[in-house]
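The structure under discussion appears below in the form of structure tokens.
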Amino acid sequence: MNQEKVLSVLLGPIVSEKTTLATANNQYVFKVRTDSNKREISAAVEELFGVTVEGVTTSNVKGKKKIYRGKTGQRVNWKKAVVRVSEGQMIDATAS
Numbered sequence: 003m004n005q006e007k008v009l010s011v012l013l014g015p016i017v018s019e020k021t022t023l024a025t026a027n028n029q030y031v032f033k034v035r036t037d038s039n040k041r042e043i044s045a046a047v048e049e050l051f052g053v054t055v056e057g058v059t060t061s062n063v064k065g066k067k068k069i070y071r072g073k074t075g076q077r078v079n080w081k082k083a084v085v086r087v088s089e090g091q092m093i094d095a096t097a098s
């Protein structure tokens, strides 16, 4: 996988109370491109952070419906990936 593709797959970490608790189980949550697949996500995490990925779970998140100035709209749909790394390995997702 070329470097440009690797850098474009992961859009950033998702930091919340729920995702912080998931790090105890060696799981890290990232916002990824909607057209990326599990193999690309796994390769990108392994190359960027130097860890061994055991599994990737993805889900498409629907954008919320909002009303702005009396008009109905919808926020952008996005994709979330939960990456499970090998036991004993860590990712400092806040530094990236």
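Taking the numbering used here, I'd label the letters of the sequence shown as residues 3 to 98. Where is the CB? At the ideal position from N, CA and C, for every residue including glycine. Since the structure is predicted, the reported quantities are computational estimates derived from the model, not experimental observations.
- Looking only at Ala45, Arg35, Leu13, the smallest Cα-Cα distance to asparagine 4 is reached by Ala45.
- Between the stretch 78–85 and the stretch 31–42, the count of Cβ pairs shorter than 8 Å is three or higher; the stretches touch.
- Per the DSSP secondary-structure output, leucine 12 pairs in a beta bridge with Val34.
- By the neighbour-count definition (other C-beta atoms within 10 Å, threshold 16), leucine 23 is an exposed residue.
- When DSSP reads this structure, valine 85 sits in a beta bridge with Tyr30, Val58.
- Counting every other CB atom within 10 Å of its CB across the protein chains shown gives valine 47 a total of 16 or more, marking it as buried.
- The straight-line gap separating the alpha-carbon atoms of serine 88 and arginine 41 is approximately 16 Å.
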